[in-house]
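Trainee:
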Amino acid sequence: MNDQPRARWENDARRNERIRELRAQRRTTERRPRRRFQPIVLLLWFAGIAALAAFLIFVGFLAFAPRLMSWVETNPGAIKQGIVLDFVRWYQPSAIADTAASDSVARITFQVPTGSNDTEIGHLLFEKGLVRSELAFQYQVIAAGREGTLQAGAYDLSPSLTPSAIVAALRQEKGVELTIRIREGWRLEQIVGYLSRTKLTTNLDDFVRLVKDPPADLLAKYDFFANLPASRSLEGYLFPDTYRVDANTTARALVEKLLDTFKAR
462 MNDQPRARWE
472 NDARRNERIR
482 ELRAQRRTTE
492 RRPRRRFQPI
502 VLLLWFAGIA
512 ALAAFLIFVG
522 FLAFAPRLMS
532 WVETNPGAIK
542 QGIVLDFVRW
552 YQPSAIADTA
562 ASDSVARITF
572 QVPTGSNDTE
582 IGHLLFEKGL
592 VRSELAFQYQ
602 VIAAGREGTL
612 QAGAYDLSPS
622 LTPSAIVAAL
632 RQEKGVELTI
642 RIREGWRLEQ
652 IVGYLSRTKL
662 TTNLDDFVRL
672 VKDPPADLLA
682 KYDFFANLPA
692 SRSLEGYLFP
702 DTYRVDANTT
712 ARALVEKLLD
722 TFKAR
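Take 462 as the starting number for the sequence shown in the working numbering and just add one per residue.
(1) Sorry if obvious, but does the Cβ on G590 come closer than 8 Å to a heavy atom of the ligand ADP?
(2) What are the start and end residues of the beta strand (DSSP E) that includes R713?
(3) Tell me whether T662 sits in a helix, a strand or coil according to DSSP, three-state version.
(4) Does the beta-carbon distance from F685 to K718 come in below 9 Å?
(5) Is there contact between the segment 700 to 711 and the segment 671 to 684, where contact requires at least three CB pairs shorter than 8 Å?
(6) Three-state secondary structure (DSSP) at G614?
(7) Just to confirm before moving on: does the CB-CB distance between G538 and Q599 stay below 9 Å?
(8) Considering only C-alpha positions, which residue in the set G576, A677, D678 and L715 is nearest to L639?
(9) Tell me the residue span of the alpha helix (DSSP H) that contains L570.
(10) To the nearest angstrom, how far is the alpha carbon of S619 from that of S594?
(11) Under 7 Å Cβ to Cβ from V545, same chain only, skipping five residues before and after it: list those, please.
(12) Which runs of the beta strand (DSSP E) spanning at least 3 residues fall entirely within the segment 579 to 616, listed in chain order?
(13) What does the Cβ neighbour count give for G583, buried or exposed, with the cut at 16 atoms within 10 Å?
(14) Name the two residues that bound the continuous beta strand (DSSP E) containing A552.
(15) Tell me which residue opens and which closes the alpha helix (DSSP H) that L631 is part of.
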């Protein structure tokens, strides 16, 4: 009879021991530290997202860039905005290079209408074939700090002039006349030496080049050059006289003035 209570007591003891073990295991599990999200992982995740976003923006910009460049070429005045100029310099720097429209030395009389703005002048120059692009001309106007200062009037220009040279020509004031006197018997060197001491702004190197190696279109203007031997200088045709000339006259215009007087006499 005493064995039954003892057996029951042992069973209860084992059950209680098992309960204590299970409770101890549960407390150990609850005390186990949770895994923390490392900061470096978070930083790498954000960096990856940022890099992906930057890549997508860059790809989208490259796809849009040709349209933006086309718009700038159609609206050259927009290059006055620094962000637009930076874009052109990055995407297509050749568009604003100071390069002549062609190698042609043919002279073209270009008229700047009174009241014309820089954009309108650039458009007229492009139509005449004097600049390779309106954008290149507009950039040179800005680079020279000559916005709104280009002068109205008639100019003797050539497609072989760079945009910066054309800007320099168009900003010169017209209408200031000088008196020059070419004396009989002067050689070309003496004429050039005399002109260099006047207030003429004419490019005398161009003047000498035109006299020593006249282009075909210049010779074609005068019948008396019909039988002129090849490589013949025009030195003997620079008629000695007193002339009234614009202070900013071009070399071509000055040579033609002397030849016109020779023809008239």
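Built from N, CA and C at the ideal position, the CB exists for glycine as well.
Mentor: Let me lay it out:
(1) This structure lacks the ligand ADP, and indeed carries no ligand of any kind.
(2) That residue, R713, is in no beta strand (DSSP E); its alpha helix (DSSP H) goes A712 to A725.
(3) The DSSP-derived three-state label of T662 is coil.
(4) It is not a contact, given that the beta carbons lie outside the stated cut-off.
(5) Here the segment 700 to 711 makes no contact with the segment 671 to 684; the two share fewer than three CB pairs at distances below 8 Å.
(6) In the structure shown, G614 falls within a strand segment according to DSSP collapsed to helix, strand and coil.
(7) By the CB criterion at 9 Å, G538 and Q599 fall inside the cutoff.
(8) For L639, the nearest C-alpha among the options comes from L715.
(9) Here residue 570 turns out to be Thr, not Leu, going by the sequence shown. In this chain, T570 is not harboured by any alpha helix (DSSP H); it is covered by the beta strand (DSSP E) spanning I569 to V573.
(10) Near 15 Å, if we compare the C-alpha coordinates of S594 and S619.
(11) The residues are V533 and A539.
(12) Within the segment 579 to 616, no run of beta strand (DSSP E) reaches 3 residues while sitting entirely inside it.
(13) Result: buried.
(14) Per the sequence shown, the amino acid found at residue 552 is Tyr instead of Ala. Looking at the DSSP string, Y552 is not in any beta strand (DSSP E); the run it does join, the alpha helix (DSSP H), is G543 to Y552.
(15) Counted as a single uninterrupted DSSP element, the alpha helix (DSSP H) harbouring L631 occupies residues P624 to L631.
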